[in-house]
Amino acid sequence: MIMTRRMRGMRGMCGAGLALVLTGAASYRVQAQVGPVSRDRLLNAAREARNWLIYSGGYFSDRYSTLTQITPANAKNLELKWMYQAAVAGAWQTTPLVVDGVMYLTQRPNDVVALDAKTGRVFWIYRHQLDPTQIVCCGANNRGLAILGDTLFMGTLDAHLVAIDAKTGRLVWKTTVAEAKAGYSVTLAPLVVKDKVIVGVGGGEYGIRGFVAAYDARSGREAWRFYTIPAPGEPGGDSWKPCPPPSSTPATFCDPEAWKHGGGSVWVTGSYDPALNLTYWGVGNAGPDWNNEQRPGDNLYTDSVVALDADTGRLKWHYQFTPHDRYDYDSVQVPVLADIRWSGQPVKGMVWANRNGNFYVLDRETGKFLVGKPFVKVNWMDTFDERGRPHQTPQPSGMPTWPGNQGGTNWYSPSFSPHTGLFYVSAWEGYATIFGGTPVEYQEGRNFGGGVNRSFVPVPGAPAIPGVRRGPINNWTEAVATGAVLALDATTGDLKWKFPMTDVTDSGILTTASDVLFTGGREGYFRALDARTGSLLWKASLGAQIVSGPITYEVDGRQYVTAISGLSLCVFGLRE
């Protein structure tokens with residue numbers, strides 16, 4: 118539906134319950150002018166700025182677009198162009214793809230929708246029927262799709278990978294990735310590399326044994342699998358230490374086979390360097406989450422980044438951010454690849470803002486540690502050795518640990534702008550948790566957290582920060598936590614500017630070559646900032662939390678930018 122003049126006056130009300138585009142019963146074939154997405158197009162996705170072909174915009178995952186029609190000077194003229202409203206309530210975390218004027222996106226629990234990217238007209242909807250035995254810890258989330266040729270790929274809550282015809286919405290094939298009743302799921306957007314579709318599995322709170330796996334794009338057959346929890350005798354297996362003799366620690370429960378349900382989930386999409394033929398994936402927490410005493414050792418490859426050969430899945434290198442984690446500091450953040458200068462020399466870098474509160478720079482060719490520096494308050498560690506291993510400083514029982522359980526940042530996408538040289542991250546500041554581990558024995562399909570934690574409230578009697586799925590009312594003190602967009606020097610981690618928010622934020626970030634930054638937050642505002650200075654250029658109140666990352670694309674010479682607020686996908690463009 119193309120907006121009328123009256124609709125233009127409603128801009129800023131996207132999440133308030135308007136339904137400008139309704140899903141009808143009819144299904145329409147996508148127009149023939151949509152070309153197949155070849156391997157070459159994916160390799161050059163970042164240069165094909167009119168489209169958004171990969172979850173993070175391109176294989177380097179920097180969420181940076183070379184579109185320049187929207188600028189700091191005219192961003193104030195942005196207005197709502199069209200909307201699409203989903204039918205199922207809950208946190209809508211998807212990132213759309215846009216291919217030659219057609220938008221493809223997932224909606225809860227496991228639908229795929231094809232729309233006209235200019236008007237919002239729906240072409241077709243595919244609905245996956247979930248296995249009733251499926252178990253997920255944190256909501257019916259799905260973060261998006263991948264595409265190759267004329268085929269879309271989606272992971273499902275019941276741990277399947279499905280292939281869908283992009284023109285008709287019909288199922289092409291479906292394959293089982295893991296056992297849903299054991300707590301496995303696939304909530305990330307797949308990553309297509311060459312002729313393979315790569316996914317990881319969620320379920321760390323249920324004692325899974327995590328893995329990354331690649332599937333043939335034509336047939337759905339598994340090509341390789343890398344377990345993020347090594348078995349005894351495999352490289353890294355000795356990081357799961359034997360239990361001490363019972364006489365030495367009589368009051369401590371220890372699991373002699375902890376690796377079998379050691380966690381290490383992979384629930385956010387990785388990156389790929391074609392020149393090195395390496396794909397990079399962040400790995401989640403160990404299981405149980407908080408009772409680290411029952412799993413002695415560093416517990417590889419939890420809380421790590423792993424670099425895998427894209428053809429075989431063999432491990433090239435790894436770096437562990439939080440050895441022997443007791444805080445649930447998943448390292449599933451998006452690995453952002455950036456070619457930078459280090460000590461005067463060019464380096465194939467990887468920049469990373471970790472849930473544990475530290476900013477890192479690694480050499481993505483070798484895994485060498487280059488920089489480690491807090492970007493929020495950190496007291497679980499104090500220094501790094503020369504190889505990047507943190508010296509941990511666990512706090513006394515009953516005392517707060519910074520950052521808290523949700524981290525200094527989390528799964529939401531950062532952005533790197535080669536134009537400014539800055540790395541942008543959504544952060545939780547002043548946020549702490551009082552952790553408490555408790556013994557827990559593994560049972561299939563049962564929660565395997567092993568802890569009783571509480572948010573630290575510095576003001577006696579004040580409300581604590583609510584859970585991730587809080588309601589629309591912010592009723593806690595800002596002393597508990599606040600949100601911010603931080604702009605960090607990508608080579609040093611030094612803070613260049615900060616845009617503060619009253620509420621914490623779960624929104625991703627997008628930057629453009631015209632130095633405009635887009636982001637949202639729990640407050641319900643969609644904002645455009647100056648990427649060089651952090652000054653506010655424009656904002657719209659959309660009426661609900663924004664818990665996904667914006668994208669930008671172009672149709673018929675007009676640039677658009679998207680935000681998802683509550684149940685509403687909102688698409689903005691410049692006033693004509």
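Counting in this note's numbering, the sequence shown runs from 118 upward without gaps.
Ideal Cβ positions, reconstructed from N, Cα and C, are used throughout, including at glycine.
For residue i, count the other beta carbons within 10 Å of its own beta carbon; 16 or more makes it buried, fewer makes it exposed. Which is it?
i	result
residue 508	exposed
residue 326	buried
residue 618	buried
residue 235	buried
residue 612	exposed
residue 431	exposed
residue 603	buried
residue 390	buried
residue 383	buried
residue 288	exposed
residue 592	exposed
residue 189	buried
Excluding the five sequence neighbours on either side, which residues of its own chain have a C-beta within less than 6 angstroms of the C-beta of residue i, listed in chain order?
i	result
residue 628	181, 532, 534, 634 and 648
residue 475	489 and 491
residue 187	633 and 676
residue 166	182, 183 and 184
residue 329	317, 343, 383 and 398
residue 172	212, 261, 306 and 386
Could you spell out the range, first to last residue, of the alpha helix (DSSP H) harbouring residue i?
i	result
residue 156	156-160
Distance check for residue j and residue i, CA to CA, integer angstroms please.
i	j	result
residue 225	residue 363	48 angstroms
residue 641	residue 620	10 angstroms
residue 143	residue 301	Note that residue 143 scores 44 on pLDDT, short of 50, meaning its location in the model is unreliable; the coordinates nonetheless yield the value given after this. Going from the Cα of residue 143 to the Cα of residue 301 covers about 34 angstroms.
residue 683	residue 638	11 angstroms
residue 284	residue 582	45 angstroms
residue 681	residue 351	43 angstroms
residue 212	residue 361	46 angstroms
residue 561	residue 251	12 angstroms
residue 138	residue 693	Because residue 138 sits at a pLDDT of 34, beneath the cut-off of 50, its placement in the model cannot be relied upon, and the following sentence gives the value as read from the coordinates. Cα to Cα, residue 138 sits roughly 21 angstroms from residue 693.
residue 443	residue 411	11 angstroms
residue 149	residue 298	With a pLDDT of only 49 at residue 149, under the threshold of 50, the placement of this residue in the model should not be trusted; the figure read from the coordinates follows. Taking the straight line joining both Cα atoms gives about 41 angstroms.
residue 220	residue 666	15 angstroms
residue 238	residue 436	45 angstroms
residue 468	residue 266	31 angstroms
residue 259	residue 155	24 angstroms
residue 519	residue 472	11 angstroms
residue 310	residue 594	46 angstroms
residue 493	residue 546	6 angstroms
residue 346	residue 207	31 angstroms
residue 378	residue 304	19 angstroms
residue 608	residue 497	24 angstroms
residue 447	residue 160	29 angstroms
residue 140	residue 477	Reliability fails at residue 140, whose pLDDT of 36 lies under 50, so the model's placement of it is uncertain and the value that follows must be treated cautiously. One C-alpha to the other measures close to 44 angstroms.
residue 630	residue 536	6 angstroms
In terms of residue numbering, what span does the beta strand (DSSP E) encompassing residue i cover?
i	result
residue 534	532-534
residue 655	653-658
residue 475	475-480
residue 437	432-437
residue 224	219-224
residue 642	642-647
residue 485	No beta strand (DSSP E) contains residue 485, which DSSP labels as neither H nor E.
residue 453	453-459
residue 254	Residue 254 -> no beta strand (DSSP E), and no H or E assigned at all.
residue 277	277-282
residue 389	388-390
residue 546	539-546
residue 244	239-244
residue 470	462-470
Using beta-carbon positions only, say whether residue i and residue j come within less than 8 angstroms of one another.
i	j	result
residue 669	residue 543	no
residue 434	residue 483	yes
residue 319	residue 278	no
residue 214	residue 264	yes
residue 565	residue 550	no
residue 321	residue 401	yes
residue 340	residue 313	yes
residue 356	residue 416	yes
residue 403	residue 380	yes
residue 405	residue 557	yes
residue 596	residue 575	yes
residue 75	residue 689	Residue 75 lies beyond the range of the chain shown here (118 to 693); nothing can be said about it.
Using C-beta distances below 8 angstroms, list every residue in its chain close to residue i, excluding the 5 sequence neighbours before and after it, in chain order.
i	result
residue 691	186, 187, 191, 194, 195, 196, 675 and 676
residue 153	266 and 267
In chain order, what residues of the same chain have a beta carbon less than 7 angstroms from the beta carbon of residue i, not counting five sequence neighbours either side?
i	result
residue 569	553 and 555
residue 441	409, 414, 415 and 416
residue 295	276, 301 and 318
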